[in-house]
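Participant: Below is the structure I would like to discuss, written out as structure tokens.
Number of protein chains: 2
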Amino acid sequence: MSDMKIRNMDEFAAVSGLSRPTVSKYFNDPDSVRAKTRARIEEALEKYDYTPNFFAVNQNRNVTKNIGIIVPNLSDPFFAEIARTIGDLVAEGGYRPVLLGSRGDPVQEIDNLENLRLLKPAGVLMAPLGRTSDVEGLKRFCRDVPTVLFDSNVDDVGAAFVGSNNVSSIAVIVEYLCRTGEPPCFFEMATPANPNAHKRRNSYLATMERLGHTPHVLRAEGGGWDFEGIGFRAATHLFAGRNLPTNTILCSNDRLAIGVLSAAYESGLRVGLGPGCALRIAGHDDHPFSRYTCPTLTTVSQDYTAIAESCVARLIALIESGVMPETREVVYFDGRLEMRGSA
Amino acid sequence: MSDMKIRNMDEFAAVSGLSRPTVSKYFNDPDSVRAKTRARIEEALEKYDYTPNFFAVNQNRNVTKNIGIIVPNLSDPFFAEIARTIGDLVAEGGYRPVLLGSRGDPVQEIDNLENLRLLKPAGVLMAPLGRTSDVEGLKRFCRDVPTVLFDSNVDDVGAAFVGSNNVSSIAVIVEYLCRTGEPPCFFEMATPANPNAHKRRNSYLATMERLGHTPHVLRAEGGGWDFEGIGFRAATHLFAGRNLPTNTILCSNDRLAIGVLSAAYESGLRVGLGPGCALRIAGHDDHPFSRYTCPTLTTVSQDYTAIAESCVARLIALIESGVMPETREVVYFDGRLEMRGSA
DNA sequence: TTACAAACTTTACGCGCGTTAAAAATATTA
DNA sequence: TAATATTTTTAACGCGCGTAAAGTTTGTAA
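So the sequences go chain by chain: R and D.
Under the numbering used here, the first residue of the first sequence is numbered 23, with each subsequent residue one higher.
Under the numbering used here, the first residue of the second sequence is numbered 23, with each subsequent residue one higher.
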């Protein structure tokens, strides 16, 4: 490694004994130059460390190698985890992932898109906030930039959606709960932002009806993203009133379930399957922490990996084909029942 | 809002009836132009939406308005949370935060720095991995870019460090535990990457000695970032052996404690203060989930906000002074005991 | 060896903006 | 109103690289 500082591509071309346009070609596609030429450049790269100026490279492009990844909230380990997986796949695909969280705020969500726009991204992978999203704002962005949604679907936004099949996964866990004990009631937020919540409730209602049971939906008041707190407070109140319609609670998601579990503990209610247990509690998502709750949380795992792979592959195909597809694809992956201690 | 597309600053200057250099001045500092001029530009901005081309703006600068934020792992809610707080403050300070996670991988950590370097950041705020970090690599970066460390200190790296005073916070919780029950043993990972772990153990040892108690340090085998799992497995083994030196366990951090709590539950050991409880468990950090464990986790909260404010303020001062300071500042904030149900 | 395609070099322009120097316009003060 | 200070305009260059056209070299096949 020489300590000579290379200031620009001209200098680097000089020390590698080639012309700048050839070196430029190499950086845009190493396979576009002759093997011998490539070898000379790579030899020079080992000797003098040089990386093309990021800003100059992108200035003349109307589209870069950046791919934006937007999730509703990076503080939620579920989204942090899937964002990480997606980021890895984007990098493997030869693109540069740019990760942004919307903090549960629709204004921030649009801000993120506008900030991304400045980066002239090749495409965007977005888990939208859902009900609270500024749908027109999203559409406006998606008209200009190839976008694939994941996690939450928003009608007609983006070129495709990849997510979990809530209908089937809720059916699976409802059937399981009915088979192994009292039919569950359904615990959800009164005004959930995430559209999956609605699908889950509807699937609960349909499955209960199909199985010939009377459904009960319990709604927790409260907004924002402190799901555990919302679940905790509502459940505490519920337990104090001792008017649960059944001893089995299916929560719309694991974070609510974690709050409900905590409330049960504080209320002195033993949760689980065995004798001496007053309550069964189940969730949905297989949140990273659901393995370590007390008791461990029975839930439905989403197929992270499949979802991540599918949406990244779809976006890259979209980008590299160069045409906006006329039909909007919607892809679902089945969840899997994770039987643990709580139900 | 006119639908005429503004392609560049020349066109925008034209529609606002000013010259391009004046408009350029405005975008670099709105206060550098006359009030009347500013008003004309802002009027035009409302009518035609125009944002200077990000790449062109930065191309000629050797330093931009970007500030990098690097944390060991974005999947850890603790870091996600503090990164969010820091990001907000950076944005408030007029800089653009760029968030990166190292995934517990020292190679990724250096990669992140190299990627940031391409963005010519004004500065970087980094929570390093610690023991596993490539210290020489970090130093090389910090020579070129103003950097302030937070959370974990690494000797002689960066211009300053801002973090928690582990010595005092562990002393506080050890004193509390001794005062209210059996003196605690200390539960930690055998090979912790985070340097805070060492400080915490040493403070535990010193405090126990000062109080005239015999210290006991328990070590969990296992590497990586699955702290809950590591804590769970080691504690399960420990509980099965029934050879705990005391009924009180102080864990090096909350994520380990969450695993230990889970193990206690699975082992049928009731955790808490009251009669009928076999065990007390405490943690450190006030992890976002520690409010919802069963029982809720007694811990020490780090002063997130103060740490974030301090390190952002320090970095911005550093950047705006333009000189690398000759002495490296180290700032600690005291933690606060959070008494909850587990101890 | 010749012929020809592929790869490379040379030359030159453009991207959008920062920035500077000199000239012109505008505001402030006396 | 004149003199001065401040701001804006005009004109022009440069940043580092993408890219295109025309000419030259190199590699490959006949």
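C-beta atoms are modelled at their ideal positions from N, C-alpha and C, and glycine is treated no differently.
Being a predicted model, the structure only gives us computed values, none of them experimental.
What residues are listed by DSSP as bridge partners for Asn-88(D)?
Facilitator: As a working mapping, residue 88(D) is identified with position 66 in the second sequence. For Asn-88(D), which the question treats as bridged, DSSP gives the partners Arg-118(D).
Participant: For my contact list, Phe-249(R) and Ala-286(R) are in at a C-beta cut-off of 8 Å; report their separation, rounded to the angstrom.
Facilitator: In the first sequence, residue 249(R) corresponds to position 227, counting from 1. In the first sequence, residue 286(R) corresponds to position 264, counting from 1. Not quite, the Cβ-Cβ distance comes to about 16 Å (not below 8 Å), so this is no contact.
Participant: Is there a Cβ from chain R that is less than 7 Å from the Cβ of Leu-135(D)?
Facilitator: Walking along the second sequence from the start, residue 135(D) turns up at place 113. Closer than 7 Å: no.
Participant: Under a three-way DSSP split, which group does Glu-348(R) fall into?
Facilitator: Residue numbering aside, residue 348(R) sits at position 326 when the first sequence is read from its first letter. Three-state result, Glu-348(R): coil.
Participant: Please tell me whether Leu-319(R) has its Cβ less than 7 Å away from any Cβ of chain D.
Facilitator: Translated into the one-based positions of the first sequence, residue 319(R) becomes position 297. Not one chain D Cβ lies under 7 Å of Leu-319(R).
Participant: For the beta strand (DSSP E) containing Arg-302(D), list its first residue and its last residue.
Facilitator: Here the question's residue 302(D) lines up with position 280 in the second sequence. Segment 302-304, the beta strand (DSSP E) holding Arg-302(D).
Participant: Taking 7 Å as the CB-CB cut-off, is Glu-398(R) touching chain D?
Facilitator: No answer is possible for residue 398(R): the residues shown for chain R start at 23 and end at 365.
Participant: If we define contact as Cβ-Cβ less than 7 Å, is Pro-366(D) a contact residue for chain R?
Facilitator: Nothing in the structure corresponds to residue 366(D), since chain D is present only between 23 and 365.
Participant: Give a yes or no on whether the minimum CB-CB distance between Cys-316(R) and chain D is below 7 Å.
Facilitator: Position 294 of the first sequence, counted from the start, is the residue given in the question as residue 316(R). Answer yes: the Cβ-Cβ gap between Cys-316(R) and chain D drops below 7 Å somewhere.
Participant: Kindly indicate which three-state DSSP category Met-230(D) falls into: helix, strand or coil?
Facilitator: On the second sequence, position 208 is the one that residue 230(D) refers to. If DSSP states are grouped into helix, strand and coil, Met-230(D) belongs with the helices.
Participant: Only counting runs of 3 or more residues, tell me where the beta strand (DSSP E) segments fall wholly within the segment 131-204 of chain R, in order along the chain.
Facilitator: For the segment 131-204 of chain R, whole beta strand (DSSP E) runs of length 3 or above, ordered along the chain, are 145-148, 169-172, 182-186.
Participant: Can you tell me whether Glu-331(D) is helix, strand or coil according to DSSP?
Facilitator: On the second sequence, position 309 is the one that residue 331(D) refers to. Reduced to three states, the DSSP call for Glu-331(D) is helix.
Participant: Just list the residues that DSSP pairs Phe-355(R) with in beta bridges.
Facilitator: Along the first sequence, read from residue 1 onward, the residue named residue 355(R) stands at position 333. Ser-186(R).
Participant: If you drop the 5 nearest sequence neighbours on each side, which residues of the same chain put their C-beta closer than 6 Å to that of Gly-145(D)?
Facilitator: Residue numbering aside, residue 145(D) sits at position 123 when the second sequence is read from its first letter. Around Gly-145(D): Ile-89, Pro-168, Leu-337, Ile-341.
Participant: Are the beta-carbon atoms of Thr-86(R) and Asn-80(R) separated by less than 7 Å?
Facilitator: The residue you call residue 86(R) lines up with position 64 of the first sequence. The residue you call residue 80(R) lines up with position 58 of the first sequence. Yes, they are a contact pair.
Participant: Can you tell me whether Ser-323(R) is helix, strand or coil according to DSSP?
Facilitator: The residue labelled residue 323(R) in the question sits at position 301 within the first sequence. In this structure, Ser-323(R) counts as strand in the three-state DSSP scheme.
Participant: The alpha helix (DSSP H) spanning Glu-33(R) covers which residue range?
Facilitator: Within the first sequence, numbered from 1, the residue matching residue 33(R) stands at position 11. Its alpha helix (DSSP H) spans residues 31-37.
Participant: Please report the distance separating the alpha-carbon of Gly-203(D) from that of Phe-254(R).
Facilitator: Translated into positions along the second sequence, residue 203(D) becomes position 181. Translated into positions along the first sequence, residue 254(R) becomes position 232. Computed Cα separation, rounded: 29 Å.
Participant: State buried or exposed for Ala-105(R), treating a residue as buried only when at least 16 other CB atoms are found within 10 Å of its CB.
Facilitator: Here the question's residue 105(R) lines up with position 83 in the first sequence. Buried, because 16 or more other Cβ atoms sit within 10 Å of the Cβ of Ala-105(R).
Participant: Can you say whether Met-346(D) is buried or exposed, counting buried as having 16 or more other CB atoms within 10 angstroms of its CB?
Facilitator: Translated into the one-based positions of the second sequence, residue 346(D) becomes position 324. Flag for Met-346(D) reads exposed.
Participant: Say whether chain R places a C-beta atom closer than 7 Å to the C-beta of Asn-50(D).
Facilitator: Within the second sequence, the letter at position 28 stands for residue 50(D). Not closer than 7 Å to any Cβ of chain R, the Cβ of Asn-50(D) fails to qualify, so no.
Participant: Confirm the yes/no value for this check: CB of Arg-118(D), any heavy atom of the ligand SAM, distance under 6 Å.
Facilitator: Only the bare structure without any ligand can be found here, which leaves the ligand SAM out of the picture.
Participant: Quick check: Arg-241(D) and Ala-215(D), are their CB atoms within less than 7 Å of each other?
Facilitator: Looking up residue 241(D) in the second sequence gives position 219. Looking up residue 215(D) in the second sequence gives position 193. It is not a contact, given that the beta carbons lie outside the stated cut-off.
Participant: Output the boundary residues of the alpha helix (DSSP H) element that contains Arg-62(D).
Facilitator: Translated into the one-based positions of the second sequence, residue 62(D) becomes position 40. Where Arg-62(D) is concerned, the enclosing alpha helix (DSSP H) stretches over 57-69.
Participant: Please name the residue, chosen from His-306(D), His-235(D), His-259(D), that lies closest to Asp-276(D) on a Cα-to-Cα basis.
Facilitator: The sequence position of residue 276(D) within the second sequence is 254, counting from 1. Considering only alpha carbons, the answer is His-306(D).
Participant: Determine, using beta carbons only, whether Phe-249(R) comes closer than 7 Å to chain D.
Facilitator: Locating residue 249(R) in the first sequence gives position 227, counting from the first residue. Closer than 7 Å: no.
Participant: Quick check on His-10(R): buried or exposed, where buried means 16 or more other Cβ atoms within 10 Å of its Cβ?
Facilitator: The structure shown does not extend to residue 10(R), since chain R is modelled only from 23 to 365, so the question has no answer here.
Participant: Return the residue from the list Gly-123(D), Ser-155(D), Ala-149(D) that minimises the CA-CA distance to Ala-330(D).
Facilitator: Within the second sequence, numbered from 1, the residue matching residue 330(D) stands at position 308. Ranking the options by Cα distance to Ala-330(D), first place goes to Ala-149(D).
Participant: So Pro-99(D) and Pro-94(R) are in contact, right, with Cβ under 8 Å, and what is the actual spacing, rounded?
Facilitator: Looking up residue 99(D) in the second sequence gives position 77. Looking up residue 94(R) in the first sequence gives position 72. The pair is not a contact, with the Cβ atoms about 14 Å apart (cut-off 8 Å).
Participant: Beta-carbon within less than 7 Å of Val-196(D)'s beta-carbon, same chain only, minus the 5 sequence neighbours each way: which residues are those?
Facilitator: Here residue 196(D) refers to the residue found at position 174 of the second sequence. Cβ within range, chain order: Pro-206, Tyr-226, Thr-229, Met-230, Leu-272.
Participant: Out of Ser-124(R), Cys-164(R), His-235(R), which has the shortest C-alpha to C-alpha gap to Pro-143(R)?
Facilitator: Position 121 of the first sequence, counted from the first residue, corresponds to residue 143(R). Among Ser-124(R), Cys-164(R), His-235(R), the Cα nearest to that of Pro-143(R) belongs to Cys-164(R).
Participant: Mind checking if Tyr-287(D) is an interface residue toward chain R, Cβ cutoff 7 Å exclusive?
Facilitator: Numbered from 1 along the second sequence, position 265 holds the residue referred to as residue 287(D). Closer than 7 Å to some Cβ of chain R, the Cβ of Tyr-287(D) qualifies, so yes.
Participant: Kindly indicate if chain R contains any beta-carbon less than 7 Å away from that of Glu-103(D).
Facilitator: In the second sequence, counting from the first residue as 1, residue 103(D) sits at position 81. Answer yes: the Cβ-Cβ gap between Glu-103(D) and chain R drops below 7 Å somewhere.
Participant: Name, please, each residue of chain D whose Cβ falls closer than 8 Å to the Cβ of Arg-13(R).
Facilitator: Nothing can be reported for residue 13(R), as the shown portion of chain R is limited to 23 through 365.
Participant: Checking the sheet assignment: what are the DSSP bridge partners for Val-239(D)?
Facilitator: Stepping through the second sequence from its first residue, residue 239(D) is reached at position 217. Answer is Phe-208(D), bridged to Val-239(D).
Participant: Determine whether the Cβ of Pro-297(R) lies closer than 7 Å to any Cβ atom of chain D.
Facilitator: On the first sequence, position 275 is the one that residue 297(R) refers to. False, the Cβ-Cβ gap to chain D never drops below 7 Å.
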